[in-house]
Structures are given as structure tokens and as C-alpha cells.
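See structure below.
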Amino acid sequence: MKYLKRIFALDPQFIYFLLILTTVVYAFSWSGEFLSDDIAGIQYNPNISDFFLQLKTLNINNIYNSTILNIFGVKPFWFHLSNTIFHLMAVVAVYVFIHKLSKTLWVTRLTTLLFAIHPIETEVIAWISGLSYATYTLLFIISLTFYLVAFKAIKNTSNKLKYLICANIFLILSLSSSEKAVIYPAILIAMLVFFIRPFTKINIFSTIPAFIISGIYTLSRISDVSARLGNVNSGYTGESVAFDPLVQIPIAIYSYIKLILIPFNLTLYHEFNSFPQWEYALAVIVTIITLAIIIASSYYALKKQRPLVALIPFGLIFFISSLALTLLPINIAWVVAERYVHLGSIGFFISISATIYIIIDKLSINKDSFYQWTFIVLIPLLAILTIRRNLQWHSQDTLWPATVKISPDSAYAWNNMGDYYGRHGDTKNSIQAFENARKIRPRYADATHNLANVYMQIGEATKASELFKEALSYSPTLYQSYTNLGRIALSLQQFEPAIDYLVKATEINPDPFNEYLLLYVVYSKIDTNKATSALARAITLAKNNPQRLQIINQVQQNPKL
604 MKYLKRIFAL DPQFIYFLLI LTTVVYAFSW SGEFLSDDIA GIQYNPNISD FFLQLKTLNI
664 NNIYNSTILN IFGVKPFWFH LSNTIFHLMA VVAVYVFIHK LSKTLWVTRL TTLLFAIHPI
724 ETEVIAWISG LSYATYTLLF IISLTFYLVA FKAIKNTSNK LKYLICANIF LILSLSSSEK
784 AVIYPAILIA MLVFFIRPFT KINIFSTIPA FIISGIYTLS RISDVSARLG NVNSGYTGES
844 VAFDPLVQIP IAIYSYIKLI LIPFNLTLYH EFNSFPQWEY ALAVIVTIIT LAIIIASSYY
904 ALKKQRPLVA LIPFGLIFFI SSLALTLLPI NIAWVVAERY VHLGSIGFFI SISATIYIII
964 DKLSINKDSF YQWTFIVLIP LLAILTIRRN LQWHSQDTLW PATVKISPDS AYAWNNMGDY
1024 YGRHGDTKNS IQAFENARKI RPRYADATHN LANVYMQIGE ATKASELFKE ALSYSPTLYQ
1084 SYTNLGRIAL SLQQFEPAID YLVKATEINP DPFNEYLLLY VVYSKIDTNK ATSALARAIT
1144 LAKNNPQRLQ IINQVQQNPK L
């Protein structure tokens, strides 16, 4: 409590104002629904309510989500509120970190303001599934702050040890939240090189635990790469698992800088199916200039011992390093995603804030007056843009039209628009949207499966069956297509094919509750013993879930399709 009071005593009026402002801005996200990954990951995830199962994962986000769900139920409000609270804590943590790093009031204030309400942060805060980015960023910054304090505790060895222990505990927690925290040693070394004087051996040795922790974590997660390749490319075949780094890296760095400086074309899907040659050339130029700024400012800052100038290269190194995992030339991540830059944006904001401060200092402009007017312009502009983005994240009916408007060349956006039209009973446009997705991304299994669903719903069983089989030819693990082929066969009284399809689905689906219920329906018509066995398996999978038990009861009373 004393430490918190000391933090707020640093700049009480600004900190309280910023926390209130941030709360008001993100309060517009609190009425939002479960969206995209939230639906399978939380809303309809039967395992999320099992707290002890989530505890075994050692993942902070899984444990936290399970706790929220068990206390408040499956209500999105509490998850949205949680994301906002984590962001508010991160805002305070960023203020403390920059304050200790720069020792410059206005650099600290501007950096923190930008991080607090810049619209590029909205995806992480307004999207419930963005929790992992919010938590790992918070824990990452707290860990860096403890390391910074430890580096400067030259004479007090006991305090230094205490701070180092805290720093590495928070590093472990950050890694347990997201694998992207594995780049921590790179930023730690940059901080040591640019800001710690004298450059002592004890400070160098004190970084060893961070390297060991990150190294052990990396080795433990290498086996997950193949699984990640499957997740990123699920529902689609034909795409290379490798990127050309000479294309990928300039486009990514340029795109992130553009989105931060001009935050008007924010979207869930940043795809680059067609990237103009002139813009690629511009991306290369921007990347080269960024690297040149890092090199030149590093040389000047270190040679002249200018810690304020050092903020420029440090911030840019922070920015690029935080993206390192997503810049690997293997297809384990999107080339660009706004959530990926949540941590890295802090570094970019540091660099921008330091550059502005140095310029106005050189021009002898009154700092208080300049920053007051800057804030008067920035705050309403950023707040309005962020509130607008929060409202776009409100529901599927607001997110997907906004997404396809900004990303008309995204197959994923059109796939979701197909669902959007389907929910509104617009079959014609639903079919067209799924066909658009298939045209943009040939061999797109998910869009093909969804198109088959539409034909199934309007009674065109033959067309639906053809499309389900086509989807399976693209993605043999798409168990939902097997399930629906089973449904169609059952509706046509073709019991043996129905059984074959449903059995295949149970072999693939990690939670085949619905498939066993359907098998019960099929077997109840031809084999009582097998029907009893299928029902018993469904009851086991229900795990005392009230909704599932109710469904079982209804099916038992009326075992029809």
C-alpha cells in the first residue's frame, strides 16, 4: 500500500486523470459480446469451468478466465471489465517504468497517454481473447522496472537481490501468460547498455537468470511450433509454411508504424494478398530509415553519454524486438496483427516522445505550453477514435461489416460476413460472401464447410454433401464436416454411411459429445446395445454440465434428428 501511494505521489493529478479517462474510453467495450475466438475459447468451452484442470495448464490467462467464469458465470461483461482493469494497471506500470528510465516528466506523460488511449491498443482490451497480451505486457513492464531499480542499487546488495528476485518472478509470470515474452533478454540488455552507468560486472551477471529462464522456456515450447502451424493455417491448405523475410519484415515494420501514426484503417485481419510495388518500396525505405535511426542515435547517445537521446534507439529496439516471434520466416503468426504490437507500441511511443522533447528543447519552445496544447488536441482525437473502435468490437453484427470494409481482400473477413448474412436470413448474400472467401483463398476449407451449411439449411442435401466432402479434401481433420455428412445421411435414412461419418468425427473431435448423441439416435433405430453404449459415452462427456444433461434428456424422450 505504501508503494502504491508513492507511485501515485509521483504525478497524482495526471495519473488519476489518465486512469479516469482510460476507464471512460474503454467502458464502451463493457457491453460487448463474445466474439471470434471468445466463442469457442470461453462461451462454449466445457473445460474452462474446470478450475483445477486450468490450474494444471500453469497459464495465467486460463486460470484467470476460469476464476471469472466460476464466480460470475458466462457473462462477457466481467471478462471485458477484467481486460480494462489489467490495462489500467499496465498504464500505471508504464508510467513508473518511463519515469524511472527517462527522469523527464513530459516524456513520461506523453508515452503513458499514448499507450493508455491509442486506438491500436483497442483490439487487446475490447476483445476478450486479447487478455493474454494485456497480462503479459503488464507483467513484462513490472519485471523490467524491478530490473531497472536493481541495476541502480549499486551500494545496497540486499535490496539489489530483492529486486532481482522480484524481476525474475514477474518474468516467469509474463512467460506463463504468453510465449512472446521470451524476447525479454534482448530488451533487458538494451536497457543495461543505454541507461546503466557504471557498466559493472555485477549488473552483467545479474541478467543471467533472465537468459536462463527464457532459454528453458524456449526449449520447453519448441515442440509446440508444429501445432501452431496447424492452428494458424487451420481450415486452409495450399499456403507455404515459410515467408520470404525480405518481404515479410519490411511490410510488417512499415505497417505497424503506419497504423500507429495513422490509426484509421484498423482491422482484425491485415492480409497482404496484393501489395502494390510502390508501397513495398516505401516499406523497404521506412525499414532502412528505422534501422539507420537506431544505429545513428545509438552511436551518438553512447558516445556523448546522452540518456535522453538513448531513449530513441532503445524505444525502437524495444518496438522491433517485441515483434521478433511474429517476424520469424515461418508461418506461425499473422504478418501483421494489432494485438502483436501491444507491448512494442510502448517502445515506439518512448522513441516518439523522446524525439519530440529533444526537438522542442533545441528550439527553446516553452515545454509546458507546448505539451498542454498537444494534449488538448491529442486526447479528444485519440479518445474518439478508440471509442469508435470499441463500438465496432461490440458484436458480430458490428465487427464483421467494419472488418470487411477495411479488409475487402480478406477471405477470413468474407467468411465471417457469410455467417453475418446467414444470421439475418439473407441466404443469397451469405452464399455470395462464402464464394468470395473461396475465390480470394482457394482450398479454404472453413469457407467451403460454411457454404455447405447454407445449402444444408435450405434443403439442398446433395449440394451440401458435395461441399462437405470438398472441405474434407482440403482439411481432413475438419470433424464438423463429417458430423454434418452424418446428419444428412441420417435424414435420408442412410444409417450405415451416417455411422461411418459420425465415428470418424468422434475420432477427430476432442469433445465428441454431439457426435455420440447423434450416434445414439442412429443406433436407436438399428442396434439397441450400441445405442446404449453411445448414450453412456455422451453422458460421460457431459461432465455434469446442466445444459448438456438437459439435451441428453430431450434426446432420450424424442430420439429424432
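According to my numbering, the sequence shown is numbered sequentially starting from 604. Glycine included, C-beta positions come from ideal geometry on N, C-alpha and C.
Cβ distance (whole Å) where Ile745 is taken to contact Ala696 below 8 Å | 5 Å
Same chain only: Cβ atoms within 8 Å of Asn1117, ignoring 5 sequence neighbours per side | Thr1086
Out of curiosity, what's the CA-to-CA distance linking His997 and Val677?
-> 17 Å
Start and end residues, alpha helix (DSSP H) containing Phe978 | Lys970 to Gln995
At least three beta-carbon pairs within less than 8 Å, the stretch 912-929 to the stretch 672-692 | no
Nearest-angstrom Cα distance between Val627 and Val699?
-> 22 Å
Kindly indicate if chain B contains any beta-carbon less than 8 Å away from that of Ser809.
-> The displayed structure is made up of one protein chain only, and chain B is not part of it.
Residue closest to Phe743, alpha-carbon to alpha-carbon, out of Leu713, Phe637 and Ala693 = Ala693
Rounded Cβ spacing between Phe682 and Ile671 (contact assumed at less than 8 Å) | 6 Å
Distance, Cα to Cα, Ser565 vs Tyr766?
-> Here the chain has residues from 604 to 1164 only, and residue 565 is not among them.
Start and end of the alpha helix (DSSP H) containing Arg1026?
-> Ala1014 to Arg1026
Pull up the distance between the alpha-carbon of Tyr736 and that of His945, whole angstroms please.
-> 7 Å
Within 10 angstroms of the Cβ of Leu691, are there 16 or more other Cβ atoms? Answer buried if so, exposed if not.
-> buried
If you follow the alpha helix (DSSP H) that Trp1003 is part of, which residue opens it and which one closes it?
-> Gln999 to Ile1009
What are the start and end residues of the alpha helix (DSSP H) that includes Pro812?
-> Ile811 to Arg824
With DSSP run on the structure shown, which of helix, strand or coil describes His873?
-> strand
Leu1081 and Ala1050 closer than 8 Å at C-beta | no
Any idea if Asp641 is buried or exposed, counting beta-carbon neighbours within 10 angstroms, 16 or more meaning buried?
-> buried
Is Ser967 buried or exposed, if buried means 16 or more other CB atoms sit within 10 Å of its CB?
-> exposed
Tell me whether Val944 sits in a helix, a strand or coil according to DSSP, three-state version.
-> helix
Would you list, in sequence order, the uninterrupted alpha helix (DSSP H) runs of no fewer than 4 residues that lie entirely inside the stretch 1093-1119?
-> 1098-1111
For Thr890, I'd like the list of residues in its chain whose CB is within less than 8 Å of its CB, leaving aside the five on either flank, ordered along the chain.
-> Ile852, Pro853, Ile856 and Tyr857
Thinking C-alpha only, which one of Leu871, Ile1091, Leu1120 and Phe802 is nearest Ser1010?
-> Leu871
Would you mind stating whether Ala1141 and Ile1129 have Cβ atoms separated by less than 8 Å?
-> no
From Ile811 to Lys659, what does the alpha carbon distance come to, in whole angstroms?
-> 28 Å
What residues match up with Ala845 in a beta bridge as DSSP calls it?
-> Ile933
Count the other C-beta atoms from every protein chain shown that fall within 10 angstroms of the C-beta of Leu822, then say buried if there are 16 or more, exposed otherwise.
-> exposed
From Gln908, Asn1147, Phe952 and Asn664, residue whose alpha carbon lies closest to that of Thr715 | Phe952
For Trp937, the nearest candidate out of Tyr1024, Leu741, Ala845 and Leu894 (CA to CA) = Ala845
By a C-beta neighbour count over all protein chains shown, 10 Å radius and 16 as the cutoff for buried, is Gln1159 buried or exposed?
-> exposed
CA-to-CA distance, Val939 to Val785, given in whole angstroms | 19 Å
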